[in-house]
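Asker:
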Amino acid sequence: VQHDNLAVVSMSPETASNINGVIGLLDDPKTQRLILQAIGKPTCCIEQLVFRWGTQIASATQLPDVGEWIDPADQRVPSWLKPFNYGPVLIAWDDNGSYGAGVGIKRHGLIGCELAVVTRQQLRGRGLAKHLVAQAARRIREEGNLPMYLHHSNNSASARVAEAVGLSHQNWYVFTLAETRED
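To convert, take the position in the sequence shown, counting from 1, and add 218; that gives the working numbering.
Structure below.
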């Protein structure tokens with residue numbers, strides 16, 4: 219996690235000893251290359267994610283509910299939604315009653331709940347993600363928890379969803395190690 223040029227880096231003790239001499243900003247490509255070389259993964263990449271959260275979530279008047287809370291074991295739920303540990307998942311169905319978009323929630327500790335959303339390609343641009351994320355975030359707030367949202371720093375669609383819902387950019391970032399570069 220990086221904030222105001224300070225960072226917390228989590229890794230095994232064996233790996234940490236290899237990067238002791240690497241100094242630089244995590245969002246600097248040169249620093250990233252040095253880290254990847256130091257840990258023996260030069261073909262991997264370091265991806266920057268924006269970490270957002272919010273307590274003032276868009277109301278149901280602003281972004282009405284469009285989804286249905288269902289058990290993740292339901293056979294209509296896509297596989298990507300099955301591993302979330304919150305309980306029910308939130309689904310918006312298409313006109314044929316098939317999966318159109320969905321939100322999964324992952325609990326982090328006692329109060330943090332991370333939201334993830336995926337909309338089928340043919341239904342994008344209709345606001346489904348905004349409505350679903352707002353609906354899920356309101357439920358999380360009603361339970362006294364904090365909704366959180368991660369997205370790639372170059373994903374402007376996810377940034378627009380988060381801003382519309384009230385999950386503001388606090389200048390916090392998460393850097394992850396990805397197996398291949400997306401050049």
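Each residue gets a CB set at the ideal place from its N, CA and C atoms; glycine is no exception.
Just so it is clear, the structure is predicted and the values come from calculations on it, not from any experiment.
Whose C-alpha, out of 312, 250, 358 and 266, is nearest the C-alpha of residue 394?
Answerer: Here residue 394 refers to the residue found at position 176 when the sequence shown is read from its first residue. Cα-wise, what sits closest to residue 394 is 266.
Asker: For the pair the stretch 380–392 and the stretch 305–324, tell me if three or more CB-CB distances fall below 8 Å.
Answerer: At 8 Å Cβ cutoff, the stretches do not touch.
Asker: Counting pairs of beta carbons, one from the stretch 356–365 and one from the stretch 256–263, are three or more of them closer than 8 Å?
Answerer: no
Asker: How big is the Cα-Cα spacing for residue 248 and residue 242?
Answerer: Here the question's residue 248 lines up with position 30 in the sequence shown. Here the question's residue 242 lines up with position 24 in the sequence shown. Going from the Cα of residue 248 to the Cα of residue 242 covers about 8 Å.
Asker: Name the DSSP beta bridge partners of residue 326, please?
Answerer: On the sequence shown, position 108 is the one that residue 326 refers to. DSSP lists 330 as partners of residue 326.
Asker: On a Cα-Cα basis, can you pick out the residue from 269, 245 and 239 that is closest to residue 368?
Answerer: Reading the sequence shown from its first residue, position 150 is the one you call residue 368. With distances taken between Cα atoms, residue 368 lies closest to 269.
Asker: Looking only at its chain, what residues have a beta carbon closer than 8 Å to the beta carbon of residue 398, apart from the 5 residues adjacent to it on each side?
Answerer: Start at 1 with the first residue of the sequence shown, and residue 398 comes out as number 180. Excluding positions up to five away in sequence, the list reads 261, 262 and 263.
Asker: Would you kindly work out how many angstroms separate the C-alpha atoms of residue 361 and residue 271, rounded to a whole number?
Answerer: Here residue 361 refers to the residue found at position 143 of the sequence shown. Here residue 271 refers to the residue found at position 53 of the sequence shown. Going from the Cα of residue 361 to the Cα of residue 271 covers about 15 Å.
Asker: If you follow the beta strand (DSSP E) that residue 396 is in, where does it begin and where does it stop?
Answerer: Reading the sequence shown from its first residue, position 178 is the one you call residue 396. From DSSP, the beta strand (DSSP E) with residue 396 extends over 386–396.
Asker: Assuming the contact rule is C-beta atoms closer than 8 Å, residue 341 and residue 312 should be a hit. Round their C-beta distance to whole Å, please.
Answerer: Locating residue 341 in the sequence shown gives position 123, where the first residue counts as 1. Locating residue 312 in the sequence shown gives position 94, where the first residue counts as 1. Indeed, because the Cβ distance is near 6 Å, the residues count as touching under 8 Å.
Asker: What would DSSP say about residue 299, mapped onto helix, strand or coil?
Answerer: Residue 299 sits at position 81 when you count from the first residue of the sequence shown. Three-state result, residue 299: helix.
Asker: Considering only C-alpha positions, which residue in the set 363, 230 and 286 is nearest to residue 274?
Answerer: Stepping through the sequence shown from its first residue, residue 274 is reached at position 56. Of all alpha-carbon atoms in 363, 230 and 286, the one lying nearest the alpha-carbon of residue 274 is that of 363.
Asker: With a cut-off of 8 Å on the beta carbons, I'd call residue 299 and residue 383 a contact; round off their distance for me.
Answerer: Position 81 of the sequence shown, counting from 1, holds the residue named residue 299. Position 165 of the sequence shown, counting from 1, holds the residue named residue 383. Not quite, the Cβ-Cβ distance comes to about 19 Å (not below 8 Å), so this is no contact.
Asker: If I'm right that residue 309 touches residue 285 with Cβ under 8 Å, what's the distance once you round it to whole angstroms?
Answerer: Residue numbering aside, residue 309 sits at position 91 when the sequence shown is read from its first letter. Residue numbering aside, residue 285 sits at position 67 when the sequence shown is read from its first letter. Rounded, the Cβ-Cβ distance is 6 Å, consistent with contact.
Asker: Identify, in the order they occur along the chain, each residue of the same chain with its Cβ nearer than 7 Å to the Cβ of residue 348, setting aside the five sequence neighbours on each side.
Answerer: Position 130 of the sequence shown, counted from the start, is the residue given in the question as residue 348. So the list reads 281, 379, 382 and 383, once near-sequence residues are dropped.
Asker: Starting from residue 252, trace the alpha helix (DSSP H) in both directions and tell me its first and last residue.
Answerer: On the sequence shown, residue 252 is found 34 positions in, with the first residue counted as 1. Note, residue 252: alpha helix (DSSP H), 247–256.
Asker: If you draw a straight line from the C-alpha of residue 372 to the C-alpha of residue 331, how long is it?
Answerer: Here residue 372 corresponds to residue number 154 of the sequence shown, with the count starting at 1. Here residue 331 corresponds to residue number 113 of the sequence shown, with the count starting at 1. Spanning the two alpha carbons is a distance of roughly 23 Å.
Asker: Would you mind working out which of 283, 324, 366 and 339 sits nearest residue 303, comparing C-alpha positions?
Answerer: As a position in the sequence shown, residue 303 is number 85, starting the count at 1. Among 283, 324, 366 and 339, the Cα nearest to that of residue 303 belongs to 324.
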